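Peer 1: Take a look at the following structure, please.
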Ligand SMILES: C[S@@+](CC[C@H](N)C(=O)[O-])C[C@H]1O[C@@H](n2cnc3c(N)ncnc32)[C@H](O)[C@@H]1O
């Protein structure tokens, strides 16, 4: 569904994803009712099995905070527990490390499979990287996970300046430091390569940015790509195979998948 909206030309920054056991909901917050109606009609005509779309009008003063009601603290990985920043109680289950987040205007609550899979892979690589690049940082959630998993040098980029602002606030709320930059991946020229690079983007972007993403990884490092819908897995895997890289690990969910490439040795 996220891929569908991206293909329809809709930016993902005011999109909120909620994933329950049986239902997956995506909410788009737009200030223009006719745009909302058009998107709902477009979505309705897409014939995505089991999906339905509807519009609800919120009062001006409510709309920006309405979605927050459905977002409760949850376990992101075996180590991390996400707590919305506005939550009064900062209680975290024993043995877990809290991540405080506000994702207003940025993708990345951690509830979506694409984020969760990437966070889990980063968590499992804890201690095996010190430099981390987050391509399409959104809320900054993956940068936070990477810093808590041992990164000492962290860079995050996002094409959306609004997302970068949100990521900055989230990093600060978690008392962490990451160099964040509003930048298109095509224009990003890092001074060094990174031990670990994560990119949670739509499949078509992963394919078109493939060579750039690979070039950001130091020889022997790791690249995690996510945001791959199950029907696009072969396409993404074949594209990376053409560049000589093969996934070391594939995580598959109900709708999405993520791939870990390791020991890259490109010059
Ligand atoms: C699916 S969200 C991922 C957010 C977060 N990293 C996560 O895993 O939840 C993708 C992010 O990539 C950003 N993005 C899309 N195209 C980009 C590009 N060409 N260069 C940099 N960022 C881009 C979007 O603005 C969005 O914030």
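Residue numbers (the working numbering): 1 to 267. Cβ atoms here follow ideal geometry from the backbone N, Cα and C, with glycine treated the same way. These figures come from a predicted structure and were not determined experimentally.
Would you report the Cα separation of residue 125 and residue 216, rounded to the nearest angstrom?
Peer 2: 18 angstroms
Peer 1: Just verifying my parser: in three-state terms, what is the DSSP assignment at residue 250?
Peer 2: Three-state DSSP puts residue 250 in a strand.
Peer 1: Could you tell me the distance, in whole angstroms, from the CA atom of residue 45 to the CA atom of residue 38?
Peer 2: Residue 45 and residue 38 have their alpha carbons spaced roughly 11 angstroms apart.
Peer 1: Cα separation between residue 225 and residue 231?
Peer 2: Residue 225 and residue 231 have their C-alpha atoms some 15 angstroms from each other.
Peer 1: Expressed to the nearest angstrom, what Euclidean distance is found between the alpha-carbon atoms of residue 261 and residue 169?
Peer 2: 31 angstroms
Peer 1: Taking Cβ to Cβ, would you say residue 210 is nearer than 8 angstroms to residue 229?
Peer 2: Result no, Cβ atoms of residue 210 and residue 229 do not sit closer than 8 angstroms.
Peer 1: Got a sec, what are the start and stop residues for the beta strand (DSSP E) residue 169 sits in?
Peer 2: No beta strand (DSSP E) contains residue 169, which is instead part of the alpha helix (DSSP H) from 161-173.
Peer 1: Given this structure, state the Cα-to-Cα distance separating residue 98 from residue 192, to the nearest angstrom.
Peer 2: If you take the alpha carbons of residue 98 and residue 192, they lie about 30 angstroms apart.
Peer 1: When DSSP labels each residue in this structure, what does residue 218 get in the three-state scheme?
Peer 2: strand
Peer 1: Helix or strand or just coil, what does DSSP make of residue 179?
Peer 2: strand
Peer 1: Which class does residue 229 belong to by DSSP, given the choice of helix, strand or coil?
Peer 2: It is a strand residue.
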